[in-house]
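Down below is the structure, laid out as structure tokens.
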């Protein structure tokens, strides 16, 4: 069954939400989804770009009250 | 009140001393007991390993006897914990000692984990232990030219280490008169040369000025020692003559063996610093899963906050402060210039141009650390 794990990168300037996602992807199974929470608008662009480049699936981005929710799926 | 601190690194040592001072009266009257359990009778100044790798510090400068750093009244034992029984409020140590507590602080730190990348441990140099830093120093001394590649794993201890070792290597080879025979290629996991945007903006022109090339979106996949190439998850392949790595890190194995956290990182409340699900268990230093830098300053500021809070719990029954995510990192920009980055959960850093003055302050701090460890600075 597909799991969705929250990666809470809010308030993280260093290492930052993308780096937190890279770490989290190592800890989940292929097919699992990760929802990154970020207060950094730049991550809303950076994360989809990296996810596509490395071969995972980018699913969605939504913004709620200053927090971006970026959902990806581990593909390999 | 029995306070048990597990881990004698920066976080555990500063906290123990902080508490011993704040609660001196209660300690004297026997109302409070502070116990510190560590795996070593030595305390290492870990940032010194960077200097050791390029021959700017010697091993003896990195260590002090742990007992010599501690305030009187702290019960210190070199006896690492093997079993955490959180629901019973006790731990069992390697020697078989059972230690109960009312408040537990876990500060066991992190360790490098190059084994996660095939070929990395065998073919790359690094500097996160005394042995590896000495090995890297000797390798550098025998290196007469070629392509030096810096490759970075995540998460890693000391967010400035990738840039610092790159700039220090440049000056190392410059001093040896080898710059015309050496090229330095820097790689980084995300789409800029450092996770902090303002640090990346500062570092790029520095690299271009020094002739250091760089490649972003580079997450190590494997190292082929026969072909001397490092391959990335993103599909890139970079040849090297000398591979230097800032390897990924993990928390300590004992935590995983006890079913705590994942890869040794413990789920920690970002402002209260308690272990999720436990009001009287706290986590500080590298061991937390808080999304901030794994750095000595993080450990220091967390220990300051927690020290104030535990003292308040002893005296008033409740904590008084929240950790604001404060981090302060020096950034060595070569052998004789440095800058710094200071930030918290709300405010990003704004590093200035490197100066000799900040470098000399960092050199001074390499000695002043021992005052910090004693909880005085």
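Residue numbers (the numbering used here), protein chains in the order written: chain Z, 1 to 76; chain X, 77 to 453. Even for Gly, the Cβ is constructed at its ideal location relative to N, Cα and C.
- Task: Note down, in chain order, each residue of its chain lying with its Cβ closer than 7 Å to the Cβ of residue 176 (chain X), except the 5 sequence neighbours on either side.
- Result: 78, 165 and 166
- Message: Closest to residue 348 (chain X) by C-alpha separation, out of X:383, X:333 and X:371, would be which residue?
- Response: X:383
- Partner residues on chain X for residue 54 (chain Z), Cβ-Cβ distance less than 9 Å: 293, 295, 308, 309, 310 and 311
- Task: Could you round the C-beta distance between residue 416 (chain X) and residue 406 (chain X) to whole angstroms and report it? I think they count as a contact, below 8 Å.
- Result: 5 Å
- Please confirm whether residue 223 (chain X) and residue 270 (chain X) have their CB atoms less than 9 Å apart. no
- Determine the chain X residues that contact residue 9 (chain Z) at a beta-carbon separation under 7 Å, and present them in chain order. 367
- Message: Contact criterion: CB-CB distance below 9 Å. Does residue 408 (chain X) meet it with respect to chain Z?
- Response: no
- Output yes if chain Z places a C-beta closer than 9 Å to the C-beta of residue 272 (chain X); else output no. yes
- Boundaries of the alpha helix (DSSP H) in which residue 237 (chain X) is found, first to last residue: 237 to 251
- Query: What's the gap between the Cα of residue 312 (chain X) and the Cα of residue 156 (chain X)?
  - Reply: 42 Å
- Cβ neighbour criterion (16 or more within 10 Å) applied to residue 163 (chain X): exposed
- Within 10 angstroms of its Cβ, does residue 422 (chain X) collect 16 or more other Cβ (buried), or is it exposed? exposed
- Item | Exposure label - residue 229 (chain X); buried when at least 16 CB within 10 Å | buried
- Can you find a CB in chain X that lies within less than 9 Å of the CB of residue 48 (chain Z)? no
- Query: Based on the DSSP output, what are the partners of residue 141 (chain X) in its beta bridges?
  - Reply: X:118
- Item | Extent of the continuous alpha helix (DSSP H) run through residue 346 (chain X) | No alpha helix (DSSP H) holds residue 346 (chain X); DSSP gives it neither H nor E.
- Hey, is residue 422 (chain X)'s beta-carbon within less than 9 Å of any beta-carbon in chain Z? yes
- Message: Is it buried or exposed, residue 74 (chain Z), if we count other Cβ atoms within 10 angstroms and call 16 or more buried?
- Response: buried
- Any Cβ of chain Z within less than 9 Å of the Cβ of residue 123 (chain X)? no
- Tell me whether residue 259 (chain X) sits in a helix, a strand or coil according to DSSP, three-state version. strand
- Item | residue 327 (chain X), enclosing beta strand (DSSP E) - first and last residue | 325 to 327
- Query: What residues from chain C crowd round residue 66 (chain Z), counting only those whose CB sits closer than 7 Å?
  - Reply: No chain C is present in this structure, whose protein chains are Z and X.
- Query: When we look at the beta-carbon of residue 335 (chain X) and count the other beta-carbons within 10 Å, is it buried (16 or more) or exposed?
  - Reply: exposed
- Task: Pull up the distance between the alpha-carbon of residue 179 (chain X) and that of residue 125 (chain X), whole angstroms please.
- Result: 33 Å
- Query: So what does residue 450 (chain X) bridge to, in DSSP terms?
  - Reply: Residue 450 (chain X) pairs with nothing; no bridge assigned.
- Query: When the cut-off is 9 Å and only beta carbons count, does residue 172 (chain X) lie next to chain Z?
  - Reply: no
- Listing by chain order, which chain X residues have their CB less than 9 Å from the CB of residue 18 (chain Z)? 265, 266, 267 and 271
- Query: DSSP state of residue 19 (chain Z), grouped into three classes?
  - Reply: helix
- Message: Starting from residue 386 (chain X), trace the alpha helix (DSSP H) in both directions and tell me its first and last residue.
- Response: 372 to 392
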